[in-house]
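Q: Heads up: the sequence shown begins at 32 in this note's numbering, then just goes up one per residue. Ideal placement from N, C-alpha and C gives every residue a C-beta, glycine not left out.
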Amino acid sequence: MRGLVKTVRDGQAAASSGRLRTALAACALGLGLVSAGVLVTPAEAASKPKAEKTATKAKPAKAAKIAASDTVTAFADWVVARHDNAERPFVIVDKLQAAVFVYRPDGTLNAASPALIGFAPGDDSVPGIGERPLAQITPEERTTPAGRFEAGFRANGPRQVLWVDYDAAISLHPVREVTLSDPREHRLQRLKTASPGDNRITFGCINVPDAFFDKVVAPVFKDGDGIVYVLPEARPLHDVFPTLGEDAGFTKASAQGEKKGWRKWFSRRSKDEAEAPAVQPSAPG
Numbered sequence: 032m033r034g035l036v037k038t039v040r041d042g043q044a045a046a047s048s049g050r051l052r053t054a055l056a057a058c059a060l061g062l063g064l065v066s067a068g069v070l071v072t073p074a075e076a077a078s079k080p081k082a083e084k085t086a087t088k089a090k091p092a093k094a095a096k097i098a099a100s101d102t103v104t105a106f107a108d109w110v111v112a113r114h115d116n117a118e119r120p121f122v123i124v125d126k127l128q129a130a131v132f133v134y135r136p137d138g139t140l141n142a143a144s145p146a147l148i149g150f151a152p153g154d155d156s157v158p159g160i161g162e163r164p165l166a167q168i169t170p171e172e173r174t175t176p177a178g179r180f181e182a183g184f185r186a187n188g189p190r191q192v193l194w195v196d197y198d199a200a201i202s203l204h205p206v207r208e209v210t211l212s213d214p215r216e217h218r219l220q221r222l223k224t225a226s227p228g229d230n231r232i233t234f235g236c237i238n239v240p241d242a243f244f245d246k247v248v249a250p251v252f253k254d255g256d257g258i259v260y261v262l263p264e265a266r267p268l269h270d271v272f273p274t275l276g277e278d279a280g281f282t283k284a285s286a287q288g289e290k291k292g293w294r295k296w297f298s299r300r301s302k303d304e305a306e307a308p309a310v311q312p313s314a315p316g
């Protein structure tokens, strides 16, 4: 009987000792005194999958998957070869692809992103449109003008935007500036779709994802002005950029641009998109 009692007591002591060792180990872990190689706790074991999940979330956004067209690539090469950017950073806006490409001064592509552009097709702004209230701008006047623009960060109310054509009130800005003005426009959703066909919604401004603006556009232009090139969608390239006519390599690209122009994309709009002009955003487009 005494032997049995002793055995029970020994077992209880061992269990208590085990619990004590576990508690001490846990305290040591909390103080950083026990390395992961010596003692692995459930929390440590669970940390690895959690880290992998975090890494997955940190992958580049969809915008990084956008590839520049042959025309965009050739145009960027032309800009650098001609020193047209005067060794400054530059942006190429491809309206046919509804995408923005940001380049460093040496012509290295920094990053690319989908973009929202003017609702109406066309390469020219209506004279004096920058002075008119948004409510007075008709749907067919909501174009993103093509051309070469001296761009820089300037104030737009309390915030800074990249002004492209100040007189026409055209800027490149994060979608957050207008996304709450009218939820029916679904601007965020439009940026996430694979097709550029639903990216026409603005009054002419160029909208990009918030993260792209904050992490790419703002840092590139923080030290000074740059150039924004908006490629035409209806007119030939050499009409908008006359010196391109001297480069035979753009003759074919220009013809392809006309063939694959805005009519193709505009015709793909859904019924809901066609009704979008009735929406009157209260914030700049």
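1. Which residue spans inside the region 155 to 192 form an unbroken beta strand (DSSP E) run of at least 3?
2. Please state if the CB of I258 and the CB of C236 are separated by a distance shorter than 8 Å.
3. Could you tell me the distance, in whole angstroms, from the CA atom of D115 to the CA atom of G161?
4. Grouping DSSP H, G and I as helix and E and B as strand, with all else coil, what is A242?
5. Using CA atoms only, rank isn't needed, just tell me which of V110, A105, F121 is closest to F252.
6. Do you know offhand how far D229's Cα is from K126's?
7. For the alpha helix (DSSP H) that D254 lies in, which residues bound it at each end?
8. If you follow the beta strand (DSSP E) that T139 is in, where does it begin and where does it stop?
9. Got a sec? Which residues, its chain only, sit under 6 Å from P263 by beta carbon, not counting five neighbours each side?
10. Is G149 helix, strand or coil by DSSP?
11. Rounded to whole angstroms, how far is the Cβ of D196 from the Cβ of F180, which I believe are closer than 8 Å?
12. Since D101 is in the alpha helix (DSSP H), which residue starts that stretch and which ends it?
13. Evaluate Q167 with the Cβ neighbour count: other Cβ atoms within 10 Å of its Cβ, from every protein chain shown; 16 or more gives buried, anything less gives exposed.
14. For D256, tell me which candidate among A117, A142, A112 has the shortest Cα-Cα distance.
15. Pull up the DSSP beta-bridge partners for V261, would you.
16. Taking 8 Å as the cut-off, decide whether the C-beta atoms of L140 and F132 are in contact.
17. My guess is that Q128 and P227 are in contact by the Cβ rule of under 8 Å, so how many angstroms apart are they, rounded?
18. Could you pull out every residue in the same chain whose Cβ sits closer than 6 Å to the Cβ of A99, ignoring the five residues on either side in sequence?
19. If you follow the beta strand (DSSP E) that V133 is in, where does it begin and where does it stop?
20. Could you pull the start and end residues of the alpha helix (DSSP H) that L364 belongs to?
21. How many whole angstroms separate the CB atoms of T175 and V261, which I take to be in contact at a CB cut-off of 8 Å?
22. Can the beta-carbon of F244 be found less than 8 Å from the beta-carbon of H204?
23. What's the call for G316, buried or exposed, on a 16-neighbour Cβ count within 10 Å?
A: On the basis of the coordinates in this document:
1. Counting only runs of 3 or more, we get 178 to 187.
2. In this structure, I258 does not lie closer than 8 Å to C236 by Cβ.
3. Distance between the alpha carbons of D115 and G161: 27 Å.
4. DSSP places A242 in the helix class (H, G or I) of the three-state scheme.
5. The shortest C-alpha separation from F252 is found at F121.
6. Rounded to the nearest whole angstrom, the C-alpha separation of D229 and K126 is 12 Å.
7. For D254, no alpha helix (DSSP H) encloses it, and the DSSP letter there is neither H nor E.
8. Note, T139: premise wrong, no beta strand (DSSP E); not H, not E.
9. Excluding residues within five positions, the ones whose Cβ falls inside 6 Å are D154, A177, V271.
10. Looking at G149 - three-state DSSP - the assignment turns out to be strand.
11. So it is a contact: roughly 5 Å between Cβ atoms.
12. Segment 101 to 112, the alpha helix (DSSP H) holding D101.
13. In summary, Q167 is exposed, with fewer than 16 beta-carbon neighbours lying within 10 Å of its beta-carbon over all protein chains present.
14. It is A117.
15. Paired residue(s): V124, G178.
16. Cβ atoms of L140 and F132: closer than 8 Å.
17. That belief holds up - the Cβ atoms of Q128 and P227 are roughly 6 Å apart, short of 8 Å.
18. For A99, the CB contacts under 6 Å within the same chain, skipping 5 residues up- and downstream, are F132 in chain order.
19. That run of the beta strand (DSSP E) goes 130 to 134.
20. Summary: the structure shown does not reach residue 364, with the chain confined to residues 32 through 316, and so no result is reported for it.
21. The Cβ separation is near 6 Å, so the contact holds.
22. A contact, by the Cβ cut-off of 8 Å.
23. Classification for G316: buried.
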